[in-house]
Amino acid sequence: MSLIVISFDGVKDTEFEKMAADAQSYPNIAAFMQSARYTGDVFTTFVSNTYPIHSCISTGRHPKEHGIVSNILGYADGAEIWAQEAKFITARTIFQAAAQKGLKIGTVAWPVTCGEKGIKWNLPEVHLLPGQNRIIEHMRHGSAIFQIRALLRHGKKMQGLKQPYLDDFFTSVMVDLLREKKPDLAMVHLLAYDDFCHNFGICDETDTARAALDHNLGRILAAAGDDATVIVFSDHGHLNVSENIDLAPIFGDILHEQCGGSAFFTRKVEIIEEYSWFGRLLTEEEMDVSGYAGRAAFGIGAARGFSFSDLPHRANHGYPRDYDEYRVFFAVKNAKRAPHRLPFEDIRNVTAIIDQELGLGMDL
Ligand SMILES: [Zn+2]
Numbered sequence: 001m002s003l004i005v006i007s008f009d010g011v012k013d014t015e016f017e018k019m020a021a022d023a024q025s026y027p028n029i030a031a032f033m034q035s036a037r038y039t040g041d042v043f044t045t046f047v048s049n050t051y052p053i054h055s056c057i058s059t060g061r062h063p064k065e066h067g068i069v070s071n072i073l074g075y076a077d078g079a080e081i082w083a084q085e086a087k088f089i090t091a092r093t094i095f096q097a098a099a100q101k102g103l104k105i106g107t108v109a110w111p112v113t114c115g116e117k118g119i120k121w122n123l124p125e126v127h128l129l130p131g132q133n134r135i136i137e138h139m140r141h142g143s144a145i146f147q148i149r150a151l152l153r154h155g156k157k158m159q160g161l162k163q164p165y166l167d168d169f170f171t172s173v174m175v176d177l178l179r180e181k182k183p184d185l186a187m188v189h190l191l192a193y194d195d196f197c198h199n200f201g202i203c204d205e206t207d208t209a210r211a212a213l214d215h216n217l218g219r220i221l222a223a224a225g226d227d228a229t230v231i232v233f234s235d236h237g238h239l240n241v242s243e244n245i246d247l248a249p250i251f252g253d254i255l256h257e258q259c260g261g262s263a264f265f266t267r268k269v270e271i272i273e274e275y276s277w278f279g280r281l282l283t284e285e286e287m288d289v290s291g292y293a294g295r296a297a298f299g300i301g302a303a304r305g306f307s308f309s310d311l312p313h314r315a316n317h318g319y320p321r322d323y324d325e326y327r328v329f330f331a332v333k334n335a336k337r338a339p340h341r342l343p344f345e346d347i348r349n350v351t352a353i354i355d356q357e358l359g360l361g362m363d364l
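With the numbering used here applied, the sequence shown closes on residue 364, and no number is skipped along the way.
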């Protein structure tokens, strides 16, 4: 019997609850919730961006300990170098622990799994640098035969990597994985909703992505069968943005990094509190847990309605995890072990459930 983990990228708890309450529009989410144990109002980790959080799920540790503090490592000729290689994770992963137990793992578009040896069937999320070839990079970073078969069977669905077609492709690969390989642990990352939020904000246009999430969940659950243990969770919420501020031309080398809802600086900025986009200073704990203490002198959270980026986001994430309307969720169906209160009230509970269900001994 499989443990299936599905990441609904960017879906805040209240958004998921709205979908679950609307069985007419979202029948699969509503049906799943009828038999799942749901926890909302969950704190994510900080910095609340996709790679630090998914690495938190993969390890049960905050970014300070797992080493993936940002989506990106830096820039090469102006192009982002994504922190996508598993070797950058500095804590023990569930993949390593499960492989040591002899369990068979399959992952589809899971962040920071490039080159992860513990995964038997791996189609990683790959971001290319200019001049790189997608097929070559996927072969280099993931499982060759598994990916070639996926591409031959379902490659046409991607439509140039656009969403929600890309999630349709990922779901098709996941369905084949469940039906044909029967993995002990299968994980998939669905990101159409996150993509739509960045482009349109949380609004009616985002309904296309909501419908895709529901449809894809239904396909995965049908392939999984009624007895499979299924965890659905979200990594971060989104907050609508009315103004994007690019801090780079304002601060030059005083800026260490801008991360959407937060930013880090190399040295003190005297009047930073007077800017309209200033939300609050990050606490010592936030600097520490995020892994930025020692890398940057201080950091700030953006004011409501602002994001720090050189891109025109209509909604964004990366905010401190205690911001209003910024909680996440997890929901579990068919957990084999009796639920018990975990020693932390945040998204690492997902790792703890995976640990319990598979008996991994992650020592969380
Ligand atoms: Zn995300």
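Just so it is clear, CB atoms sit at the ideal spot from N, CA and C, and this is done for glycine as well.
Which runs of the beta strand (DSSP E) fall wholly inside the region 89-152 and span at least 3 residues, in chain order? 105-108, 121-123
Please report the residue range of the alpha helix (DSSP H) in which K18 lies. Locating residue 18 in the sequence shown gives position 18, where the first residue counts as 1. 13-20 is the extent of the alpha helix (DSSP H) around K18.
Looking at the secondary structure, which residues open and close the beta strand (DSSP E) in which T39 lies? Position 39 of the sequence shown, counting from 1, holds the residue named residue 39. Taken as a continuous stretch (DSSP letters only), the beta strand (DSSP E) holding T39 covers 36-42.
Scan the region 228-266 and note each continuous alpha helix (DSSP H) run of 4 residues or more that stays entirely inside, going in chain order. 248-251
Using the Cα positions of C259 and I272, report the straight-line distance between them to the nearest angstrom. Here the question's residue 259 lines up with position 259 in the sequence shown. Here the question's residue 272 lines up with position 272 in the sequence shown. One C-alpha to the other measures close to 17 Å.
DSSP has M33 in a bridge; who is on the other side? Indexing the sequence shown from 1 puts residue 33 at position 33. Answer is none; M33 lacks a bridge partner.
Say the cut is 7 Å; is the CB of D13 nearer than that to a heavy atom of ligand 2? Inclusion of ligand 2 in the displayed structure is not the case, the ligand content consisting of ligand 1 alone.
Those residues, in chain order, that have a beta-carbon closer than 6 Å to some heavy atom of ligand 1: D9, G10, T50, D194, D235, H236
Who pairs with K333 in a beta bridge, going by DSSP? Mapped onto the sequence shown, residue 333 falls at position 333. K333 pairs with A36, V230.
Determine the closest residue to I231 out of D41, H141, D167, A335, with distance taken between C-alpha atoms. The sequence position of residue 231 within the sequence shown is 231, counting from 1. Residue A335 is the option with its Cα nearest to I231.
Report yes or no: do three or more beta-carbon pairs, one from the region 210-223 and one from the region 22-32, lie closer than 8 Å? yes
Alpha-carbon spacing of A365 relative to K104, whole angstroms: Lying before the first or after the last residue shown, residue 365 is absent from the chain, which here runs from 1 to 364.
With distances taken Cα to Cα, identify the nearest neighbour of M19 among L129, L217, K101, N349. Working through the sequence shown from its first residue, we reach residue 19 at position 19. Selected option, being the one with the closest Cα: L217.
On the CB-based measure, 16 or more other CB atoms within 10 Å of its CB, does E180 come out buried or exposed? Residue 180 sits at position 180 when you count from the first residue of the sequence shown. Result: exposed.
Decide if the region 314-328 is in contact with the region 232-250; the criterion is three or more beta carbon pairs, one per stretch, under 8 Å apart. yes
Inspect the beta-carbon positions of A109 and E125 and report whether they are closer than 8 Å. Numbered from its first residue, the sequence shown carries residue 109 at position 109. Numbered from its first residue, the sequence shown carries residue 125 at position 125. Yes. Within cutoff.
Excluding sequence positions up to five away, which residues of its chain have a Cβ less than 7 Å from the Cβ of A302? As a first step, residue 302 is located in the sequence shown; it is residue number 302 there, counting from the start. Counting only Cβ-Cβ distances below 7 Å, and skipping sequence neighbours, we find G261, S262, W277, G279, F308, Y319.
Below 8 Å between beta carbons: does that hold for D9 and R327? Counting from one through the sequence shown, the residue named residue 9 turns up at place 9. Counting from one through the sequence shown, the residue named residue 327 turns up at place 327. Going by C-beta atoms, D9 is not nearer than 8 Å to R327.
Just the C-alpha distance for Q369 and D168, rounded to the nearest angstrom, thanks. Outside the modelled stretch of the chain, which goes from 1 to 364, sits residue 369, for which no answer is possible.
Just the Cα atoms here: how many angstroms apart are H198 and P183? Sequence index remark: in the sequence shown, residue 198 carries index 198 (1-based). Sequence index remark: in the sequence shown, residue 183 carries index 183 (1-based). Near 33 Å, if we compare the C-alpha coordinates of P183 and H198.
Please determine, among I119, C56, L255, D22, the residue with the shortest C-alpha to C-alpha distance to V69. For the purposes of this step, residue 69 is taken as residue 69 along the sequence shown, with counting starting at 1. It is C56.
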